[in-house]
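Peer 1: The sequence shown finishes on residue 247 if you use the working numbering, and the numbering steps up by one all the way, no holes.
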Amino acid sequence: MKDEAMRLQKYMAMCGVASRRASEELIKNGLVSVNGKTVTEMGYMVKPKDKVMVNGKNISMEKKKIYIMVNKPIGVITSVKDEKGRVGVTDLIDGVSERIYPVGRLDVDTTGLVLLTNDGELAFKLTHPSKKVYKRYIAIVEGVPNKIELEKFRKGIKIDGKVTAKANVKILKNFGDDSILDIEIYEGRNRQVKRMCEAINHPVKKLKRIAFGELELGGLDTGNWRYLNDEEMEYIKSL
């Protein structure tokens, strides 16, 4: 942050507090103060000399940016904190002193790629629908979708009164009464893949995210993590 002012939620994201969207929730819930005064206004502008506090703690710009890929197991949540005491995805990481958080979310019973970072700008670019960064999933579903159902999935399905963005889907394999689908979406609505599959009458039995944009899970074992490599960092910088 040089000499210019910026929106409070953007500043919080750049400080590594949370993504912009999560930062907006903190502001809305009255957990953020600037110069000793609680701020709930989303467009509030902060300046370099302002004292910003979240939950009573001072925040400042993170100097070192961290980018970690983790293969989330079943039963692990993507929230940093959980009132039920469940294991969070950041609990799988050791030896990292910087405050990091997940980019987007995966359901507790969904496995696969989660990106952890303290780079709020990156989190915004990867998750905002306008950026159209696709997330790729492998889903085991009940039954075998026919051409009409697949086309309906691709064109978009109405969920909560709003049609989803166009998606990519293809059948990889049929076995018994089930099939394996390769699915790509760039939106991030709650339980979106599962709800879209339910809408075409083929409920998901198992779901795994294998790619986020050009970041691919590859052979990373379940429960393990690693820093992004040089090639992946080039992709991050290109965003």
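Idealized CB from N, CA, C, for every residue including glycine.
By Cβ distance, which residues of its chain are closer than 7 angstroms to LYS139, with the 5 residues on each side in sequence left out?
Peer 2: The residues are LYS133.
Peer 1: Between ILE179 and VAL152, which are expected to be in contact by the criterion C-beta below 8 angstroms, what is the C-beta distance as a whole number of angstroms?
Peer 2: Right, their Cβ atoms sit about 7 angstroms apart.
Peer 1: Does the distance from the C-beta atom of ALA26 to that of LEU121 stay below 8 angstroms?
Peer 2: Cβ distance not < 8 angstroms, so ALA26 and LEU121 don't count as in contact.
Peer 1: Which two residues bound the contiguous beta strand (DSSP E) that contains SER41?
Peer 2: Per DSSP, SER41 belongs to the beta strand (DSSP E) from 40 to 42.
Peer 1: Would GLU106 and ALA21 be called neighbours here (beta carbons separated by less than 8 angstroms)?
Peer 2: Not closer than 8 angstroms, so no.
Peer 1: So what does DSSP say about MET69, is it helix, strand or coil?
Peer 2: Coil at MET69, not helix or strand.
Peer 1: Could you say if the region 221 to 233 and the region 110 to 117 meet the contact criterion of at least three C-beta pairs nearer than 8 angstroms?
Peer 2: No, the region 221 to 233 does not touch the region 110 to 117.
Peer 1: Give the single residue among LYS181, ARG197, VAL60 and SER68 whose Cα lies nearest to the Cα of HIS136.
Peer 2: Cα-wise, what sits closest to HIS136 is ARG197.
Peer 1: Please state whether DSSP places LYS57 in a helix, a strand or coil.
Peer 2: LYS57 falls in the coil class under three-state DSSP.
Peer 1: Check whether the region 155 to 162 touches the region 46 to 62, taking contact to mean three or more Cβ pairs, one atom from each stretch, closer than 8 angstroms.
Peer 2: As far as the Cβ criterion goes, the region 155 to 162 does not touch the region 46 to 62, which means the pair count is below three.
Peer 1: Need the endpoints of the beta strand (DSSP E) that MET50 sits in, please.
Peer 2: Neither: MET50 is in no beta strand (DSSP E) and is coded neither H nor E.
Peer 1: Identify the continuous alpha helix (DSSP H) that holds GLU91 and give its terminal residues.
Peer 2: Looking at the DSSP string, GLU91 is not in any alpha helix (DSSP H), and its letter there is neither H nor E.
Peer 1: State yes or no: is the C-beta of ALA173 within less than 8 angstroms of the C-beta of GLU157?
Peer 2: Cβ distance not < 8 angstroms, so ALA173 and GLU157 don't count as in contact.
Peer 1: How about THR119 and ILE82: are their beta carbons less than 8 angstroms apart?
Peer 2: For THR119 and ILE82, yes; Cβs fall inside 8 angstroms.
Peer 1: Can you tell me which of LEU236, VAL104, ASP229 and SER246 puts its alpha carbon nearest to the alpha carbon of LYS80?
Peer 2: LYS80 has its Cα closest to that of ASP229, out of LEU236, VAL104, ASP229 and SER246.
Peer 1: Name, in chain order, the residues that DSSP records as bridge partners for MET14.
Peer 2: DSSP lists VAL54 as partners of MET14.
Peer 1: Buried or exposed: GLY24, going by 16 or more other Cβ atoms within 10 Å of its Cβ?
Peer 2: Buried, since its Cβ has 16 or more Cβ neighbours within 10 Å.
Peer 1: Identify the residues that DSSP records as bridge partners of ILE85: which are they?
Peer 2: Paired residues: GLY96.
Peer 1: Would you mind reading off the limits of the beta strand (DSSP E) that contains LYS213?
Peer 2: Segment 212 to 220, the beta strand (DSSP E) holding LYS213.
Peer 1: To the nearest angstrom, how far is the alpha carbon of GLY64 from that of ASN182?
Peer 2: Going from the Cα of GLY64 to the Cα of ASN182 covers about 54 angstroms.
Peer 1: By Cβ distance below 7 angstroms, which residues in the same chain neighbour SER31 in space, the five residues on each side in sequence not counted?
Peer 2: Taken in chain order, the residues that qualify are GLN17, MET20, ALA21 and VAL25.
Peer 1: Thinking GLY103 and ILE85 are a contact (beta carbons under 8 angstroms), I'd like their distance in whole angstroms, please.
Peer 2: 21 angstroms between Cβ atoms; not a contact.
Peer 1: Is TYR145 near LYS216, with beta carbons less than 8 angstroms apart?
Peer 2: Contact flag set, yes.
Peer 1: Sorted by chain position, which residues of the same chain lie with C-beta nearer than 7 angstroms to VAL149's C-beta, five sequence neighbours on each side aside?
Peer 2: Contacts found: ASP186, SER187, LEU189, CYS205, HIS210, PRO211, VAL212 and LYS213.
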